[in-house]
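Protein chains in written order, with the numbering used here: chain A, 1 to 303; chain B, 1001 to 1303. From the three backbone atoms N, C-alpha and C, an ideal C-beta is built for every residue, glycine too. Structure, as structure tokens:
Protein chains: 2
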Amino acid sequence: MNLRDLRYVLAVAEFRHFGKAAEASFVSQPTLSGQIKKMEDELGVTIFERSNRSVEITPIGEQLLIYARRVIEQVEAMENLAKAAQDPLAGPLRLGVIPTLGPYLMPLILLPLRKDFPQLHLVLREEITSLLLDHLRRHELDAALIATPPDDDDLQEIPLFDEPFWLAHPAKHPLYNKDEIYEEDLPVDQLLLLADGHCLTEQVMGVCHLDQSAGHDDLRASSLETLMQLVGAGFGCTLVPALALRSSWATDTGVILRQVNIANAERRVRLVARKTFPRALALKALARLINRHLPNTVRRIEI
Amino acid sequence: MNLRDLRYVLAVAEFRHFGKAAEASFVSQPTLSGQIKKMEDELGVTIFERSNRSVEITPIGEQLLIYARRVIEQVEAMENLAKAAQDPLAGPLRLGVIPTLGPYLMPLILLPLRKDFPQLHLVLREEITSLLLDHLRRHELDAALIATPPDDDDLQEIPLFDEPFWLAHPAKHPLYNKDEIYEEDLPVDQLLLLADGHCLTEQVMGVCHLDQSAGHDDLRASSLETLMQLVGAGFGCTLVPALALRSSWATDTGVILRQVNIANAERRVRLVARKTFPRALALKALARLINRHLPNTVRRIEI
DNA sequence: TGACTGCAATATGGAAAACCTATCGAACTG
DNA sequence: CAGTTCGATAGGTTTTCCATATTGCAGTCA
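Shown next, in the form of structure tokens:
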């Protein structure tokens, strides 16, 4: 059996006339006659009782028509659904973000996204890089915003921007008197860090030439917010990604935020997804939109 | 789109493996791959996200699969329905019968019919010949038992038997003393008839060489039963089809029933149907069954 | 590191199907 | 009785579908 045949049968049932049904189906009458006959032979029943001047539907034909109509109905619904989903921008996009980026980047783009691509619905998830990559590989996420190279042949990346690290130190700190901060000025022994697993932790340690194994596990914050509270309370210094900077930190907690004169004191943020992910256009649109709404504290990478 | 393609999609969804899905669908892997790809192109969406070592269903694919499953389900139900209806003996057969035959023939065959063809369900309708033929032509009946040639190129007939007419006269009647009844003995002027429209009326008039127009509309019965009551009450005589004979008439109403020695004092009963009626086997089965269960008062026509 | 394996995609040629035009045969129409 | 209508049939062409062979990629094992 064949969907085409079902449509032919419905046409004949509608017109009760092979010629008109053929015309409405955009085929010749012999073609339609042949297909109807073929289908009747396959099913082993007569659907239409036809003579030279009349076409009548048999009782069993009437019953079969009910099914045929349902089938065609379902198929059309299916095609409509596909058509509605053709736009890669339409539908939910499951996006993961690292915790040191999400709370600061997403507020910048959610409103513009709703304005420019109202049909693209982000489903957000905040987790550390390794978990995000796992979810990507398991098709539990469609894309992720991370700050390290994905390092997986199955994944692709769209570089978005380079985000400099700023130095955060307590108001009463010797560095307060320095105009410019260079690499050797970094107070490595007073460095406060996030918990392990956050890419920021490794990156800050890298900038400070600290070894992974070299302790520094006495005081670990679980979020940037906590970390800043610690700095404000005078427990030490840290490096903060530019997007996380907020003037309220200075006023509320007395933290001083400073640009630094250190090459590579930055991280590259990228959008990653499986190479096989079919909605490449959605990724591109998202990447461009993020790029357009970045503040000048970061350096955009043109797409 | 194509039902075959839908089955391919379902197979891939089940196995998450093109090779295995192809094997289960009894086609080669390239064939299946090609059809899936063709369908994805047609629908404009990706159903499977596939790499060298994994096949995953996209969210939109998952939605489409729901429809695909429903469609295949419906099609299979349709095929099952057709298969169940393949037997021409199965299902209702709408049968019309003339009133001078139905009440006497049907009791003879209904039980044997249920025994031999339990799946063949007769839907009976009793009407005069002209109405039965109209219903046949309008596909409101499938077949009819009548006693005149259908005289319609669209109809076919299966002759069943010749049914002699018997003479019915009141007990106290001059003919009582005659051993044999010949044509010239018929009491034409005392003849009682059924209403117009009954084929029996014309046939009896024919046997008696009475003109259609020649009156005889003073006393008309609406059924054979009434007619016999009239005969029993001494209003006149009539000719009765052999199957209608019942011993109770003699005992209850005092009617005398006599064979007659008249050529053509009989009617041919046949099963008629549209030439295009597809369940020819059902007709043949019914005809043979009727034939097998006739009493010896009629002359069977071997089929 | 190099042969081997597993998997989907691609290339190419052959078979089946669907389709077309032309025509037939039957029956109705003027 | 010619003309028309309608479904069925005949014969040939095109499209679609399918199979075998091959490619390309990524693991796996020796």
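Host alpha helix (DSSP H) of B:Val-1009 (start-end): 1003–1015
Min CB distance A:Asp-189 to chain B below 8 Å: no
Helix, strand or coil at B:Pro-1241 [DSSP, three-state]: strand
Enclosing beta strand (DSSP E) for A:Leu-120 [first to last residue]: 120–126
Touching by the beta-carbon criterion (3+ pairs, under 8 Å), the stretch 59–66 of chain A and the stretch 97–112 of chain A: no
Closer than 7 Å at the beta carbon, the chain B residues around A:Val-71: Val-1071, Gln-1074, Val-1075
Runs of beta strand (DSSP E) lying entirely within the stretch 1265–1300 of chain B, each at least 3 residues, in chain order: 1266–1274
Three-state secondary structure (DSSP) of B:Gln-1259: coil
Inter-residue Cα distance where the pair is A:Ile-47 and B:Arg-1125: 24 Å
Under the three-state DSSP convention, the category B:Pro-1107 falls into: helix
Interface positions of the stretch 1035–1053 of chain B facing chain A (Cβ-Cβ less than 8 Å), listed along the chain: Leu-1043, Gly-1044, Val-1045, Thr-1046, Glu-1049, Arg-1050, Ser-1051
Closest by C-alpha distance to B:Pro-1088, when choosing among B:Leu-1120, B:Val-1097, B:Leu-1194, B:Ile-1036: B:Leu-1120
Beta-carbon gap between B:Leu-1283 and B:Ala-1090 smaller than 8 Å: no
A:Ile-233 - containing beta strand (DSSP E), residue span: Before going further, note that residue 233 of chain A is Ala rather than Ile in the sequence given. Premise fails: A:Ala-233 is in no beta strand (DSSP E) and is neither H nor E.
A:Leu-131 beta carbon less than 8 Å from that of A:Leu-155: no
One or two residues paired with B:Ser-1182 in a DSSP bridge: Correcting the residue type first, residue 1182 of chain B is Tyr in the shown sequence and not Ser. Paired residue(s): B:Asn-1261.
Residues that A:Met-106 contacts on chain B, provided the C-beta gap is smaller than 9 Å: Those do not exist, as A:Met-106 stays about 22 Å from chain B at its closest Cβ, beyond 9 Å.
Cutoff 8 Å: A:Tyr-8 Cβ touching any chain B Cβ: no
Local conformation of B:Phe-1018 per DSSP, three classes: helix
Cutoff 8 Å: B:Asp-1134 Cβ touching any chain A Cβ: no
Within 8 Å, strictly: CB atoms of A:Arg-220 and A:Ala-195: yes
Residue range of the beta strand (DSSP E) that includes A:Pro-92: 91–97
Limits of the unbroken alpha helix (DSSP H) element including B:Ala-1168: Where B:Ala-1168 is concerned, there is no enclosing alpha helix (DSSP H), although the beta strand (DSSP E) it sits in stretches over 1155–1170.
Span separating the alpha-carbon of B:Ala-1242 from that of B:Gly-1206: 17 Å
N-terminal and C-terminal residue of the beta strand (DSSP E) that A:Arg-50 is part of: 48–50
Terminal residues of the beta strand (DSSP E) in which A:Leu-191 lies: Here A:Leu-191 belongs to no beta strand (DSSP E), and DSSP marks it neither H nor E.
Chain A contact residues for B:Gly-1091, given Cβ-Cβ distances below 9 Å: Pro-59, Ile-60
Assigned exposure category for A:Ala-231 - 16 Cβ within 10 Å defines buried: Note on residue identity: the sequence assigns Val, not Ala, to residue 231 of chain A. Result: buried.
C-beta atoms of A:Phe-161 and A:Val-204 nearer than 8 Å: no
For A:Arg-53, the three-state DSSP class (helix, strand or coil): coil
Identity of the residue in A:Gly-236, A:Leu-145, A:His-169, A:Met-228 nearest A:Arg-267 by Cα: A:Leu-145
Cβ-based burial, B:Tyr-1104 [other Cβ within 10 Å; buried from 16]: buried
Under 8 Å between C-beta atoms of B:Arg-1094 and B:Val-1123: yes
Of the listed residues A:Val-9, A:Leu-281, A:Arg-274, nearest to A:Asp-151 (C-alpha basis): A:Arg-274
8 Å Cβ cutoff, B:Gln-1119 in contact with chain A: no
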